[in-house]
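The sequence shown begins at 1 in full-length UniProt numbering and counts up by one. For glycine and all other residues, C-beta sits at the position ideal for the given N, C-alpha and C. Since we're looking at a predicted model, the values are computed, not measured. What follows is a short report on a single structure.
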Amino acid sequence: MSKKSKNASTARDTLRILDQGFYINKKNQKVSIATIQQKAVKDSLHYKPEMFAEVFNKRDQVVRHESKTTAIEVINETTLYAAQALKSEGFEKVLALNFASAKNPGGGFQNGAQAQEESLARASGLYLTQTAHWDMYEINRSLESCLYTDHMIYSPDVPVFRDDEDELLDAPYTVSFITAPAVNAGVVMQRSNKDDQEAIPSVMLARTEKVLSLAMIHGYRALVLGAWGCGVFRNNPADVAEYFRYHLIDNPIFQNVFEKILFAVWDRSEKETTIESFRKVFLQPKI
């Protein structure tokens with residue numbers, strides 16, 4: 001069986017698990033996820049662009065922890081590996097950025113596609129928290145511009161029940177997600193007008209601020225970020241690293257807000273060019 005066929009088969013199995021609300025682990029034990037999953041769907045939120053004025057207002061009232069600095073690490077690992085690492089360090093609440101498709105919940109996971117969002121959708125209950133907010137996808141589908149929009153989905157405490165090899169876990173753990181599409185820079189540069197092309201940096205910088213602001217108002221101290229939009233969307237990793245660096249280091253709004261951030265950049269290329277862009281920006285022990 002090809003990797004794509006195996007991924008599609010796993011996706012079908014994940015949808016079956018989500019529908020029935022339980023799975024059978026390797027110890028032949030029945031593991032229920034129904035209650036956790038239902039709560040994640042019920043508590044998920046669709047943030048629309050016009051809501052961010054209020055988000056920023058709430059953000060600006062958050063009390064800073066002036067005695068702590070934000071520890072930032074760049075690791076050549078997956079998003080779920082990083083999330084588990086933070087959980088094992090004692091962070092109860094961990095928030096990960098889902099490098100989302102703007103038009104399809106779960107990206108192409110049901111067809112066997114393999115990228116960050118697809119791996120998250122196969123391993124967790126993320127997909128059902130996305131399909132609860134179809135309007136976000138319909139809005140992006142209706143647009144001509146592949147800058148996309150600042151619509152985002154916040155999915156709190158989603159059950160994760162597979163590892164990175166798609167094997168079922170003995171017991172699930174929870175991770176929260178922000179589903180936010182990056183600009184599809186490859187398509188914009190190929191097909192869009194000059195105004196859209198020149199807008200990419202400002203749109204991405206502003207969208208990055210919105211992602212971090214949502215993390216802030218929902219009280220997260222530990223985040224998993226990464227090479228957002230640097231795959232098929234063709235954003236330059238050095239640019240994306242700089243968008244995050246600006247807000248996390250130069251922007252006073254986010255100073256001393258987060259305790260630990262892992263940039264999980266899964267890069268198996270020989271020269272590791274993608275992760276190297278993030279290492280250059282963030283490889284200092286503290287900020």
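- Counting every other CB atom within 10 Å of its CB across the protein chains shown gives R191 a total below 16, marking it as exposed.
- With the rule of 3 Cβ pairs closer than 8 Å, the region 247 to 254 does not count as touching the region 189 to 204.
- Contact between V31 and V265 is absent: CB atoms are separated by about 31 Å, not below the 8 Å threshold.
- Its chain contains R221, A222, E259 and K260 as the residues whose beta carbon lies nearer than 8 Å to that of F91, once the 5 sequence neighbours on both sides are disregarded; these appear in chain order.
- Relative to the Cα of T69, the nearest Cα in the group D267, S5 and N256 belongs to N256.
- Here M1 is exposed. Its C-beta has fewer than 16 other C-beta atoms within 10 Å.
- Between the alpha carbons of S269 and S119 lies a gap of roughly 19 Å.
- By alpha-carbon distance to M136, the top candidate from F282, I72, F177 and A102 is A102.
- Under a 10 Å Cβ-count criterion, N57 is classified as exposed, with fewer than 16 other Cβ atoms of the shown protein chains found around its own Cβ.
- Less than 8 Å separates the beta-carbon of A123 from that of F161.
- For a cut-off of 8 Å, the C-beta gap from D164 to T35 is around 25 Å, too long to register as a contact.
- Along the UniProt domain "Microbial-type PARG catalytic" (11 to 163), the alpha helix (DSSP H) occurs as fully enclosed runs of 4 or more residues at 34 to 43, 52 to 59, 79 to 88, 116 to 123, 126 to 131 and 134 to 141, listed in sequence order.
- In the same chain as Q110, and ignoring 5 residues on each side of it, the C-beta atoms closer than 8 Å to its own belong to A8, A11, R12 and L15, in chain order.
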